[in-house]
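Residue numbers (the numbering used here), protein chains in the order written: chain Z, 1 to 107; chain C, 108 to 223.
Note that beta-carbon positions come from the ideal geometry of N, C-alpha and C, so glycine has one too.
All values reported here derive from a predicted model rather than from experimental measurement.
Everything below concerns the one structure shown next.
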Amino acid sequence: DAKTTQPPSMDCAEGRAANLPCNHSTISGNEYVYWYRQIHSQGPQYIIHGLKNNETNEMASLIITEDRKSSTLILPHATLRDTAVYYCIVRVGQLVFGQGTRLTINP
Amino acid sequence: EAGVVQSPRYKIIEKKQPVAFWCNPISGHNTLYWYLQNLGQGPELLIRYENEEAVDDSQLPKDRFSAERLKGVDSTLKIQPAELGDSAVYLCASSLGTDKVYNEQFFGPGTRLTVL
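Written out as structure tokens, the structure is:
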């Protein structure tokens with residue numbers, strides 16, 4: 001399994017874009033990058049995943065570098081409800097959660 | 108569509124007592140997972156079912172933990188006897204299909220267990 005490195009915490013102002021980095025320098029060619037988030041007292045929630053190309057959905061965008069050794073999750077217009085722990089996971093099949101990044105959106 | 112249902116949401120017991128958690132996955136999801144989440148940590152997989160078969164239980168402490176998924180739908184996770192260190196949140200998740208091809212996992216709200 002490729003290990004991921006995320007900053008333990010980040011702050012972002014409401015309405016601004018939140019950019020959450022993740023390093024996964026040992027990623028293998030067939031391993032996907034997944035992002036989940038966990039709001040307080042809830043179970044984790046899927047956000048997005050990708051292999052090589054950048055991906056976008058209604059929640060976020062995922063930018064993966066060309067060498068695939070790092071990625072960035074972008075929440076384009078963060079709201080207070082986006083305050084959560086964000087997990088970057090690199091795995092084939094099973095999800096292996098690290099400690100994630102605690103993102104706080106400030107009013 | 109109903110999400111993953113877990114009960115109870117909270118449970119407080121004394122050490123050495125038994126405890127059971129119940130999970131009802133999303134209809135049609137044949138893969139079910141139980142995770143353990145300690146405070147400040149990410150979830151850790153305990154067991155994974157594909158239909159009624161436990162295909163990965165390598166992380167389940169089998170001396171005191173047991174799980175079942177009769178008929179390949181609902182599942183129960185049991186601890187007997189509980190220890191102080193078992194205090195944690197127990198999460199259930201389900202997904203459509205198997206882990207051979209990635210499928211999004213949908214998580215329930217979890218059961219918060221406190222062992223006194």
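- Here Z:A17 has I74, L75, P76, H77, A78 as same chain residues with Cβ atoms under 8 Å from its own Cβ, once five neighbours each way along the sequence are excluded.
- Considering only beta carbons, the part of the segment 32-51 of chain Z lying closer than 9 Å to chain C consists of Y32, Y34, Y36, Q38, S41, Q42, G43, P44, Q45, Y46, H49, in chain order.
- Residues of the segment 69-101 of chain Z with a Cβ closer than 7 Å to any Cβ of chain C, in chain order: Y87, G93, Q94, L95, F97, G98, Q99, G100.
- By the Cβ criterion, the segment 57-67 of chain Z is not in contact with the segment 118-127 of chain C, since fewer than three pairs of Cβ atoms, one from each stretch, lie closer than 8 Å.
- Between C:D170 and C:E190, the alpha-carbon positions lie close to 12 Å from each other.
- In the structure shown, the three-state DSSP call for Z:R81 is helix.
- Restricting attention to beta strand (DSSP E) runs no shorter than 3 residues, the segment 165-198 of chain C encloses them at 172-175, 182-186, ordered along the chain.
- Counting only residues of its own chain and dropping the five nearest sequence neighbours on each side, C:G192 has no CB closer than 7 Å to any other CB.
- When C-alpha distances from Z:L20 are compared across Z:A84, Z:V96, Z:L95, the shortest belongs to Z:A84.
- Secondary structure of C:E157 (DSSP, three-state): strand.
- Beyond the five residues adjoining it in sequence on each side, Z:P107 comes within less than 6 Å, by CB distance, of E14 in the same chain, given in chain order.
- Within chain Z, Y46 have C-beta atoms less than 7 Å from the C-beta of C:E211, given in sequence order.
- DSSP places Z:F97 outside both helix and strand once states are collapsed to three, so it counts as coil.
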